[in-house]
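**Student:**
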Amino acid sequence: MAALQLEMQRGRYAALAIAAVVIVVGIPLWWKTTETYRAWLPFSEISELDSLQLQLSVDIEVVFSRGTLTPEQQKKFPLSHVNQKEHQVDAKTGLRYKYETRYRTATIMEEDALNQPTAAEADLSLHMLSESSCGSVVVYVIPESAALLPEDVKVYVGQRRTALLRSPPFKSSWSLKEVLSNLDMEVEQVVSTMSFSHQDIVAALSDRVRMAKVTKESMADSMRAIKSSPGYEITFSLLNPDPRSHSLHWDIEGAVQSCIQPLLNKLAPIANFSVDSQILYYAVLGVNPRFDNSVSAYTLSADSLSHVINPVEARLGSNAASSNPVLNFLLYVPDSHHSPLFIRDHSKREVPSNAFHSPRWGGIMVYNVNEMYGPEAERPVDININMAKVMGVFLAQLRLMLGVQHTHPPTGFVLQSPGSAGLADWELDRLLWSRSVENIATASTTITSLAQLLDQIGNIVINDNIAQQVSSAVTSLQSAVAELEAGNLAFALQYSREAILASERAFFDPSLLHLLYFPDDQKFAIYIPLFLPMCVPIVLSLLKIVSEAKKKRADKQAKSD
163 MAALQLEMQR GRYAALAIAA VVIVVGIPLW WKTTETYRAW LPFSEISELD
213 SLQLQLSVDI EVVFSRGTLT PEQQKKFPLS HVNQKEHQVD AKTGLRYKYE
263 TRYRTATIME EDALNQPTAA EADLSLHMLS ESSCGSVVVY VIPESAALLP
313 EDVKVYVGQR RTALLRSPPF KSSWSLKEVL SNLDMEVEQV VSTMSFSHQD
363 IVAALSDRVR MAKVTKESMA DSMRAIKSSP GYEITFSLLN PDPRSHSLHW
413 DIEGAVQSCI QPLLNKLAPI ANFSVDSQIL YYAVLGVNPR FDNSVSAYTL
463 SADSLSHVIN PVEARLGSNA ASSNPVLNFL LYVPDSHHSP LFIRDHSKRE
513 VPSNAFHSPR WGGIMVYNVN EMYGPEAERP VDININMAKV MGVFLAQLRL
563 MLGVQHTHPP TGFVLQSPGS AGLADWELDR LLWSRSVENI ATASTTITSL
613 AQLLDQIGNI VINDNIAQQV SSAVTSLQSA VAELEAGNLA FALQYSREAI
663 LASERAFFDP SLLHLLYFPD DQKFAIYIPL FLPMCVPIVL SLLKIVSEAK
713 KKRADKQAKS D
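So in my numbering, the last one in the sequence shown is 723, and the numbering has no gaps at all.
(1) Put S439 into one of helix, strand or coil per three-state DSSP.
(2) Is it right to say E538 is buried, meaning 16 or more other beta carbons lie within 10 angstroms of its own, or is it exposed?
(3) Does the distance from the CB of L639 to the CB of L216 come in under 8 Å?
(4) Does the region 600-612 come within contact of the region 222-233, defined as at least 3 CB pairs closer than 8 Å?
(5) Can you find the residues in the same chain that come closer than 7 Å, C-beta to C-beta, to L310, ignoring five residues on each side of it along the sequence?
(6) Taking G188 as the reference, which of S709, M696, K721, R715 has the closest Cα?
(7) Less than 8 Å between the beta carbons of P431 and A687, yes or no?
(8) Evaluate the contact criterion for the region 394-401 versus the region 613-627: three or more CB pairs, one atom per stretch, below 8 Å.
(9) For Y261, count the other beta carbons within 10 Å of its own beta carbon; 16 or more makes it buried, fewer makes it exposed. Which is it?
(10) Sorted by chain position, which residues of the same chain lie with C-beta nearer than 6 Å to P473's C-beta, five sequence neighbours on each side aside?
(11) Can you name the start and end residues of the beta strand (DSSP E) that F518 belongs to?
(12) Rounded to whole angstroms, what is the Cα-Cα separation between I363 and H408?
(13) Quick one: using the 10 Å Cβ neighbour count with 16 as the cut-off for buried, is P572 buried or exposed?
(14) I believe D369 touches T604 by the beta-carbon criterion, under 8 Å. Please report the beta-carbon distance rounded to the nearest angstrom.
(15) May I have the straight-line CA-CA distance separating P496 from N532, to the nearest angstrom?
(16) The alpha helix (DSSP H) spanning P354 covers which residue range?
(17) So what does Y261 bridge to, in DSSP terms?
(18) Just checking, does the region 538-548 make contact with the region 575-590 on the three C-beta pairs under 8 Å criterion?
(19) Between the Cα of E343 and those of T263, A308, T355, spot the shortest distance and give me the residue it belongs to.
(20) For G574, which residues of its own chain have a beta-carbon under 8 Å away from its beta-carbon, when the five flanking residues on both sides are left out?
(21) Just how far apart, CA to CA, sit K706 and G173?
(22) With a cut-off of 8 Å, do at least 3 Cβ pairs link the region 447-463 to the region 501-517?
(23) To the nearest whole angstrom, what separates the beta carbons of R266 and H289, a pair I think is in contact under 8 Å?
(24) Pull up the CB-CB distance for Y443 and N490, whole angstroms please, since I reckon it's below 8 Å.
(25) Got a sec? Which residues, its chain only, sit under 7 Å from H737 by beta carbon, not counting five neighbours each side?
(26) Just reading off the alpha helix (DSSP H) that A728 is part of, what are its end residues?
(27) Out of G320, N516, S634, which has the shortest C-alpha to C-alpha gap to S665?
(28) Hey, could you find the ends of the alpha helix (DSSP H) T637 is sitting in?
(29) Would you decide whether E660 is buried or exposed? Buried here means 16 or more other CB atoms lie within 10 Å of its CB.
(30) In three-state terms, what does DSSP make of T198?
(31) For L577, which residues of its own chain have a beta-carbon under 7 Å away from its beta-carbon, when the five flanking residues on both sides are left out?
(32) Cβ atoms of S658 and S598: under 8 Å apart, would you say?
(33) On the premise that Y529 lies in contact with I547, defined as a C-beta separation below 8 Å, what is that separation, rounded to the nearest angstrom?
(34) What are the partner residues of N402, as DSSP defines its beta bridges?
(35) Give the list of continuous beta strand (DSSP E) stretches no shorter than 3 residues that lie fully inside the region 441-503.
(36) Is it the case that the Cβ atoms of Y199 and V623 are separated by a distance below 8 Å?
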């Protein structure tokens with residue numbers, strides 16, 4: 163009997179020891195070895211980015227030339243004036259525009275530059291004297307009677323960051339405050355033309371705000387331009403559907419160097435560009451043009467243009483070594499059986515450029531060559547393509563694809579052509595403002611979405627690399643917002659590019675794919691067959707020990723009674 167009790171006591175101790183080992187050692191060890199590693203993330207700073215308040219600061223310098231102010235008015239010049247405008251786009255996005263205007267009189271050298279015979283020469287001379295910083299605007303106020311501008315021209319905007327403003331009629335009895343207040347409206351129109359407009363900035367925030375907040379024109383420009391990217395691939399393709407009839411020659415290398423490369427050099431702060439070209443033989447359009455007897459030519463209607471791209475795109479190929487978006491520019495030379503070929507718009511009128519573009523894809527130009535040779539010409543006919551004509555069309559399409567928006571200046575404004583550079587300095591500034599805001603909006607949306615995803619799915623691994631990318635994106639975003647507030651446009655763009663790159667690397671990291679992890683119900687289905695056979699004897703033994711202890715306590719209490 164004593165041996166039986168000793169054996170039972172030994173069994174109880176063994177069960178308790180096993181249970182203690184499982185609870186004290188087994189469960190913590192299993193918990194530690196199967197826990198999901200989640201590196202620290204700055205969730206508090208990310209939550210602050212969910213409510214985005216941007217301030218865009220523009221430095222404006224108004225320079226009065228000789229004859230615009232009286233000596234008494236010049237003595238009372240204010241050093242500077244700050245004007246702010248606030249716009250609450252939605253509940254989580256606000257905009258503040260800060261315009262800091264400095265006033266001064268023109269120097270002797272600037273007066274000499276303003277005495278040039280033409281406004282273009284004056285603009286160049288002023289640029290040679292001093293170069294304005296990126297994002298700034300300089301307005302030279304010239305006398306109302308000055309012959310530098312034609313009579314019907316109120317404002318001349320040059321290729322740089324300077325504008326010539328004809329002075330409004332001032333009364334000699336006006337105080338300086340009245341003169342400046344009368345001039346503010348004119349200066350504001352110049353600044354909105356050369357830097358940014360409110361609708362342009364709201365359109366750049368399209369990733370954060372509802373489309374109802376954006377005008378149709380600004381949204382159309384935003385949807386036409388390709389999304390911001392660290393690099394772009396530009397491909398020029400010559401389509402020759404009838405090589406037996408036409409032997410086409412195009413100096414694409416020289417044309418790119420003279421027409422396209424200057425624009426790409428100016429856009430170097432925004433992205434990296436690579437350019438290639440190809441010739442595709444027997445490449446035809448996906449639609450059959452219709453012959454119009456009234457003009458004795460074949461025509462493509464606007465409704466059929468959407469069916470042209472897909473069949474041709476299959477022949478273009480792609481660069482598998484690059485993940486950058488591709489912009490395609492196609493020059494199509496119709497075969498002799500479908501020449502001449504003209505493109506018509508929705509109003510049934512011929513398009514002057516005989517070209518069309520597809521948003522965020524590229525453009526196609528039809529180049530007719532039937533007038534370059536007679537019916538008795540020996541086939542194939544050697545044809546040299548006029549690359550100046552072709553590149554003029556492709557350059558205009560490329561500007562639209564890259565987000566250089568078409569500016570609609572107020573009445574009385576004259577905008578100088580950018581010339582061989584392909585892009586004026588103030589046009590570059592407009593693009594930098596939009597791209598900086600767009601990058602900040604996209605990166606902040608990406609980071610906040612990633613934070614919400616990681617917060618909702620607790621078993622996703624957050625490794626150190628992802629944490630580093632997230633922290634880098636948050637830091638770059640904060641720096642970009644600060645630089646915008648300080649008016650340093652170039653640095654703001656640089657930090658915004660770093661932010662969008664880091665945020666997308668973190669968001670699209672393969673380890674964050676939630677399909678790689680088991681849901682909780684599947685985890686129970688796996689663990690129960692493993693732990694249940696082991697836990698049942700231990701639990702039953704513990705229940706038996708508890709039952710015996712209660713019975714022994716009851717017997718002891720009964721004896722004492």
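C-beta atoms are modelled at their ideal positions from N, C-alpha and C, and glycine is treated no differently.
**Tutor:** So, from the listed chains and residues:
(1) Along the sequence shown, read from residue 1 onward, the residue named residue 439 stands at position 277. Three-state result, S439: strand.
(2) For this step, residue 538 is matched to residue 376 along the sequence shown. It counts as exposed.
(3) In the sequence shown, counting from the first residue as 1, residue 639 sits at position 477. In the sequence shown, counting from the first residue as 1, residue 216 sits at position 54. Against a cut-off of 8 Å, the Cβ pair of L216 and L639 comes out as no contact.
(4) No, the region 600-612 does not touch the region 222-233.
(5) One-based indexing of the sequence shown puts residue 310 at position 148. Answer for L310: L276, A281, A284, I304, L326, listed in chain order.
(6) What you label residue 188 is simply residue 26 of the sequence shown in a count that begins at 1. Of the residues S709, M696, K721, R715, the one whose Cα lies closest to the Cα of G188 is M696.
(7) Position 269 of the sequence shown, counted from the start, is the residue given in the question as residue 431. Position 525 of the sequence shown, counted from the start, is the residue given in the question as residue 687. Pairing P431 with A687 gives a Cβ-Cβ distance that is not under 8 Å.
(8) Cβ pair count under 8 Å is below three, so no.
(9) Here residue 261 is taken as the residue at index 99 of the sequence shown, counted from 1. With 16 or more neighbouring CB atoms inside 10 Å of its own CB, Y261 falls in the buried class.
(10) The residue labelled residue 473 in the question sits at position 311 within the sequence shown. Only G448 meet the Cβ criterion.
(11) Reading the sequence shown from its first residue, position 356 is the one you call residue 518. If you look at F518, you'll find it in the beta strand (DSSP E) that goes 517-520.
(12) The residue you call residue 363 lines up with position 201 of the sequence shown. The residue you call residue 408 lines up with position 246 of the sequence shown. Taking the straight line joining both Cα atoms gives about 48 Å.
(13) Locating residue 572 in the sequence shown gives position 410, counting from the first residue. So P572 ends up on the exposed side.
(14) Along the sequence shown, one-based indexing puts residue 369 at 207. Along the sequence shown, one-based indexing puts residue 604 at 442. The C-beta separation of D369 from T604 comes to about 5 Å, placing the pair in contact by the 8 Å criterion.
(15) Working through the sequence shown from its first residue, we reach residue 496 at position 334. Working through the sequence shown from its first residue, we reach residue 532 at position 370. In a straight line, the C-alpha of P496 is about 9 Å away from that of N532.
(16) Walking along the sequence shown from the start, residue 354 turns up at place 192. Per the sequence presented here, residue 354 reads as Ser, with Pro not at that position. Here the alpha helix (DSSP H) through S354 covers 338-356.
(17) Within the sequence shown, residue 261 is the residue found at index 99, counting from 1. Residue pairing for Y261: DSSP places it in a beta bridge opposite V220, N245.
(18) The region 538-548 and the region 575-590 do not touch, with fewer than 3 CB-CB distances between them shorter than 8 Å.
(19) The residue labelled residue 343 in the question sits at position 181 within the sequence shown. The displayed chain sequence assigns Ser, not Glu, to residue 343. Answer by Cα proximity: T263.
(20) The residue labelled residue 574 in the question sits at position 412 within the sequence shown. D314, V315, K316, V317, listed in sequence order.
(21) As a position in the sequence shown, residue 706 is number 544, starting the count at 1. As a position in the sequence shown, residue 173 is number 11, starting the count at 1. Per the coordinates, the alpha-carbon of K706 lies some 11 Å from the alpha-carbon of G173.
(22) With a cut-off of 8 Å, the region 501-517 and the region 447-463 count as touching, because enough Cβ pairs lie within range.
(23) Taking the first residue of the sequence shown as position 1, residue 266 is located at position 104. Taking the first residue of the sequence shown as position 1, residue 289 is located at position 127. By a beta-carbon distance limit of 8 Å, R266 does not contact H289. Their separation comes to about 18 Å.
(24) Taking the sequence shown and counting its residues from 1, one reaches residue 443 at position 281. Taking the sequence shown and counting its residues from 1, one reaches residue 490 at position 328. Y443 to N490, Cβ: 17 Å. No contact.
(25) This structure gives no information on residue 737, because the portion of the chain shown stretches from 163 to 723.
(26) Residue 728 lies beyond the residue range present for the chain, which begins at 163 and ends at 723; the question has no answer from this structure.
(27) As a first step, residue 665 must be located in the sequence shown, where it is residue number 503. When each option's Cα is compared against that of S665, the closest is S634.
(28) The count along the sequence shown starts at 1 and reaches residue 637 at position 475. Element bounds for T637: 626-648.
(29) By one-based count along the sequence shown, residue 660 stands at place 498. By the neighbour-count rule (16 or more Cβ atoms within 10 Å), E660 is buried.
(30) Sequence index remark: in the sequence shown, residue 198 carries index 36 (1-based). Looking at T198 - three-state DSSP - the assignment turns out to be coil, as it is neither helix nor strand.
(31) Here residue 577 is taken as the residue at index 415 of the sequence shown, counted from 1. Counting only Cβ-Cβ distances below 7 Å, and skipping sequence neighbours, we find V319, T569, P571.
(32) Stepping through the sequence shown from its first residue, residue 598 is reached at position 436. Stepping through the sequence shown from its first residue, residue 658 is reached at position 496. Yes. Within cutoff.
(33) What you label residue 547 is simply residue 385 of the sequence shown in a count that begins at 1. What you label residue 529 is simply residue 367 of the sequence shown in a count that begins at 1. With a Cβ gap of about 6 Å, I547 and Y529 count as contacting.
(34) Start at 1 with the first residue of the sequence shown, and residue 402 comes out as number 240. DSSP, once it has assigned bridges, lists Y443 as partnering N402.
(35) Within the region 441-503, the complete beta strand (DSSP E) segments at least 3 residues long are 452-454, 459-462, 488-494, listed from N- to C-terminus.
(36) If you number the sequence shown from 1, residue 199 lands on position 37. If you number the sequence shown from 1, residue 623 lands on position 461. When the beta-carbon positions are compared, Y199 and V623 come within less than 8 Å of each other.
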